[in-house]
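Protein sequences, first through last, are from chains A and B.
Numbering follows our numbering, in which position 55 of the first sequence is assigned residue number 68; successive positions increment by one, without gaps.
Numbering follows our numbering, in which position 37 of the second sequence is assigned residue number 506; successive positions increment by one, without gaps.
This report concerns only the one structure given below.
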Amino acid sequence: MLRDITIGQYFPGDSVIHRLDPRFKIVITILYIVMLFSGGNYLCLAVGAVFTIGAILLSKIPLKMFVKSVKPLFIFLLITAFINLFFMSRGNVLLHWKFIKITDEGVNTSVFMVVRIVLLIMGSSLLTYTTSPITLTDAIERLLSPLRKIKFPVHELAMMMSIALRFIPTLIEETDKIMSAQKARGAEIDTGSFTTRAKNLISILVPLFISAFRRADELATAMECRCYHGGEGRTRLRQLKSAPRDYIALGVTVLFLAGVIVLGRLF
Amino acid sequence: MDNIIEIKGLHFSYETDDEEKKPVEVLKGIDLDIKQGEFVAVLGHNGCGKSTLAKHLNAILLPTEGTVTVDGIDTKDGERLFDLRQCAGMVFQNPDNQIVSSIVEEDVAFALENLGVPYEEMRRRVDDSLKAVGMYEYRLHSPSQLSGGQKQRVAIAGIIAMEPKCIILDEPTAMLDPQGRKEVLATIHRMNREKGITIVLITHYMDEAADCDRVVVMDKGEVVRDDVPEKVFSQVDKLKAIGLDVPQVTELAWELRKAGCDISPEIITEEECAAAIERLFAG
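Shown next, in the form of structure tokens:
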């Protein structure tokens, strides 16, 4: 049952978006977020929406995946909408009942904010849908590599992330085994009151942690045996090569961003 | 042939964590030479110090007393640590706990990345090693999709990529199913035969030891027997005294001999045993 959990949300494919250099994809995503937040009117938002939809169509990932990505944040969206709706005091009053006051400005902002956040979620999901977690880690390592100069442990961080990714399926499998073992001994995991279940969870977590520490110890020895000594002087099997299409994609994004900024100023 | 591994008067002890700090002596004076290209099995009961010995061969542990030299490099020589570890690769029991990357080929490349091997050379060595262990078509898979035996072969490929002269395997088949064991053993034997890599196989499976050139038996931190498998296994009572079994056919021959049959005690394979018993009936 635990096996259903997917880590990251990579959606394998071979579209243009999939093939973009992950470093460029991260930079483009950051520019995209700036784009969404720099435009203050609906026209800017429309430009952002065109960009998002264009990218989604190019990625060839079914639209329902993006609807799914927004779902978990539905409550958050609702709260955002409500706060903007009820606490905006500027504008013409549309409805006034006891202490509740709704203004046209309030309606306007809440719609605007919700659309903006939906676009934000869809756009950033596109990054994780089209890039595998391990590639993403790699790209982050390379993008952050200038920070090494100020002694920021970029390589170590990336190594920790990739080892975590490597061991997630292993630990899930192990959790499954421990759960069965504890159930066989009469532990109640799925039944009982909340507190009993929480208490019984300890009987799963303790062995899991002990085993994780043992694994970490063995892995460290195995890494040492294979001459691991940190990031210094390392070469990589995975080569990230930027192609013309990466620069084109970046260029298009910058144009969109500039357009949004100009539109925001004009109207 | 030259000795690739030379162990002289190796003692190893560690202090216990309790208050008395009483040192525990794990290895009590081991002398052992292993020749280039040899296939040596190290046998012993749990806790006899065989894993500790293995960890001395590539400087994971350093001797308390005595010296360990691998391909002319003293394991205490910190300056040549990476040369040493490149020369003597090590494979461990649990395949899951020695695979670093979530993509097979990147895991095989791990050691080469650490050593700073340039890309073209690395690509070639990774592909060659994966082909050598028969895992090339799985190069883009995730280790979690592989069986135990396949994972262990990937681990071996990761070591072979370093082009070592010697591979130390610490109970590599202990966690595998019979099919996985067969695959891994076949791979190790092929590496020994085709690439001339010296193999030190630490195991407690007697039948694995029976296929080797030489068997070293350890007990309580000492080497008690060191000979060809036929000679070692023929002394069934001595092996049993230190808690080890012998291959089933050897034991059968030994029992027959005790019962008064004229059969050689140096039988280690089923074929040999069948032939000898046939001769008994004929004669």
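All residues carry an ideal CB built from backbone N, CA and C; glycine is no exception.
For this session: Can you tell me the Cβ-Cβ gap for Thr141/A and Gln22/A, rounded? I've got them flagged as a contact below 8 Å.
Result: Contact between Thr141/A and Gln22/A is confirmed by a C-beta separation of about 5 Å, below the 8 Å threshold.
Exercise. If Leu530/B sits next to Val669/B, beta carbons under 8 Å apart, how far is it from one beta carbon to the other, in whole angstroms?
Worked result: The C-beta distance from Leu530/B to Val669/B rounds to 15 Å, too long to fall under 8 Å, and the pair is not in contact.
For this session: Counting only the same chain and skipping the five closest in sequence on each side, list residues whose C-beta sits under 8 Å from that of Gly26/A.
Result: Here the set comprises Ser72, Lys73, Ile74 and Thr143.
For this session: State whether the region 194–203 of chain A contacts the region 506–522 of chain B, with contact taken as three or more CB pairs (one from each stretch) at a distance under 8 Å.
Result: The region 194–203 of chain A is not in contact with the region 506–522 of chain B.
Exercise. Between which two residues does the alpha helix (DSSP H) carrying Gly277/A extend?
Worked result: Where Gly277/A is concerned, the enclosing alpha helix (DSSP H) stretches over Pro257 to Leu279.
Problem set entry | Cβ-based neighbour list, Val128/A, same chain, cut-off 7 Å, excluding 5 preceding and 5 following | The residues are Leu58.
Exercise. If you measure beta-carbon to beta-carbon, which residues of the region 236–261 of chain A are closer than 8 Å to chain B?
Worked result: Per Cβ criterion, the list reads Met236, Glu237, Cys238, Arg239, Cys240, Tyr241, His242, Gly246, Arg247, Thr248, Arg249, Leu250, Arg251 and Gln252.
For this session: Mind listing, in chain order, the continuous beta strand (DSSP E) runs of no fewer than 3 residues lying wholly within the region 486–560 of chain B?
Result: Along the length of the region 486–560 of chain B, whole beta strand (DSSP E) runs at least 3 residues long occupy 492–504, 508–513, 534–539 and 557–560, reported in chain order.
Problem set entry | Residue(s) in a DSSP beta bridge with Cys635/B | DSSP, once it has assigned bridges, lists Ala557/B and Thr667/B as partnering Cys635/B.
Exercise. Is it true that the region 233–247 of chain A meets the region 563–583 of chain B, where meeting means three or more beta-carbon pairs spaced less than 8 Å apart?
Worked result: With a cut-off of 8 Å, the region 563–583 of chain B and the region 233–247 of chain A count as touching, because enough Cβ pairs lie within range.
Exercise. Using a beta-carbon distance cut-off of less than 7 Å, what residues from the region 526–540 of chain B approach chain A?
Worked result: Within the region 526–540 of chain B, Asn527 and Ile529 place their CB atoms closer than 7 Å to a CB of chain A, listed in sequence order.
Problem set entry | Proximal residues of chain B, C-beta to C-beta of Pro182/A below 7 Å | Within chain B, the residues near Pro182/A are Ser613.
For this session: Could I get the ranges of all uninterrupted alpha helix (DSSP H) runs contained in the region 27–107 of chain A, with 4 residues as the minimum, in chain order?
Result: The DSSP assignment places complete alpha helix (DSSP H) segments of no fewer than 4 residues inside the region 27–107 of chain A at 29–32, 35–51, 55–72, 76–83 and 87–100, in order along the chain.
Exercise. Helix, strand or coil: how does DSSP classify Phe226/A here?
Worked result: Helix.
For this session: Compare the C-beta of Pro231/A against all C-beta atoms of chain B and say whether one is closer than 8 Å.
Result: As written in the sequence, residue 231/A is Glu, which differs from the Pro given in the question. Yes, because at least one Cβ of chain B sits closer than 8 Å to the Cβ of Glu231/A.
Problem set entry | Cβ distance (whole Å) where Leu56/A is taken to contact Leu276/A below 8 Å | Right, the Cβ-Cβ distance comes to about 5 Å (below 8 Å), so this counts as a contact.
Exercise. Since Leu670/B meets chain A, which of its residues come closer than 8 Å, beta carbon to beta carbon?
Worked result: Per Cβ cutoff of 8 Å: no residues; Leu670/B is ~16 Å from chain A at best.
For this session: Might you give, ordered along the chain, the residues of its own chain that have their beta carbon closer than 8 Å to the beta carbon of Thr93/A, omitting 5 neighbours on each side?
Result: Result list for Thr93/A: Ser123, Met126, Val127 and Ile130, in chain order.
Exercise. Could you give the distance in angstroms between the alpha-carbon of Cys742/B and the alpha-carbon of Leu721/B?
Worked result: Rounded to the nearest angstrom, the two C-alpha atoms are 8 Å apart.
Exercise. Where Ile746/B and Ile732/B are concerned, what is the direct C-alpha to C-alpha distance, given to the nearest angstrom?
Worked result: Those two C-alpha atoms are separated by around 8 Å.
Problem set entry | the region 538–556 of chain B contacting the region 604–619 of chain B, beta-carbon criterion three pairs below 8 Å | By the Cβ criterion, the region 538–556 of chain B is not in contact with the region 604–619 of chain B, since fewer than three pairs of Cβ atoms, one from each stretch, lie closer than 8 Å.
For this session: Using a Cβ-Cβ cut-off of 8 Å, state whether Gln567/B counts as contacting chain A.
Result: For Gln567/B, the answer is yes, since a Cβ of chain A falls inside 8 Å of its Cβ.
Exercise. Nearest to Met591/B by alpha carbon, out of Lys600/B, Phe579/B, Val602/B and Ala601/B?
Worked result: Of Lys600/B, Phe579/B, Val602/B and Ala601/B, the residue nearest in Cα terms is Phe579/B.
Problem set entry | Option nearest Leu86/A by Cα separation, candidates Leu270/A, Ala68/A, Ile134/A and Thr208/A | Selected option, being the one with the closest Cα: Ile134/A.
Exercise. Mind checking if Ile657/B is an interface residue toward chain A, Cβ cutoff 8 Å exclusive?
Worked result: Cβ-Cβ to chain A under 8 Å: no for Ile657/B.
Problem set entry | Per-residue DSSP class, three states only, for Leu713/B | If DSSP states are grouped into helix, strand and coil, Leu713/B belongs with coil.
Exercise. Would you say Leu250/A and Val595/B are within 8 Å of each other, going by their C-beta atoms?
Worked result: Against a cut-off of 8 Å, the Cβ pair of Val595/B and Leu250/A comes out as a contact.
For this session: Drop a sphere of 10 angstroms on the beta-carbon of Ser703/B, count the other beta-carbons inside from all chains shown, and report buried for 16 or more, exposed for fewer.
Result: By the neighbour-count rule (16 or more Cβ atoms within 10 Å), Ser703/B is buried.
For this session: Just grab the DSSP bridge partners of Val602/B for me.
Result: Answer is none; Val602/B lacks a bridge partner.
Problem set entry | Short-range partners of chain A found in the region 585–610 of chain B, where Cβ spacing is below 8 Å | So the list reads Gly585, Val586, Pro587, Tyr588, Met591, Arg592 and Val595, given in the order they occur along the chain.
Exercise. Which residues mark the beginning and the end of the beta strand (DSSP E) in which Phe165/A is found?
Worked result: Careful: Phe165/A lies outside any beta strand (DSSP E) and carries neither H nor E.
Exercise. Are Val577/B and Ala626/B closer than 8 Å when you measure CB to CB?
Worked result: Yes, they are a contact pair.
For this session: Kindly indicate which three-state DSSP category His658/B falls into: helix, strand or coil?
Result: Residue state, collapsed to three classes: helix.
For this session: Thinking Phe551/B and Cys240/A are a contact (beta carbons under 8 Å), I'd like their distance in whole angstroms, please.
Result: Indeed they touch by this definition, with Cβ atoms about 5 Å apart.
For this session: Taking the CB atoms as reference points, tell me whether Asp646/B and Thr183/A lie closer together than 8 Å.
Result: In this structure, Thr183/A does not lie closer than 8 Å to Asp646/B by Cβ.
For this session: Using a cut-off of 7 Å between C-beta atoms, extract the partners of Phe579/B located in chain A.
Result: Arg239, listed in chain order.
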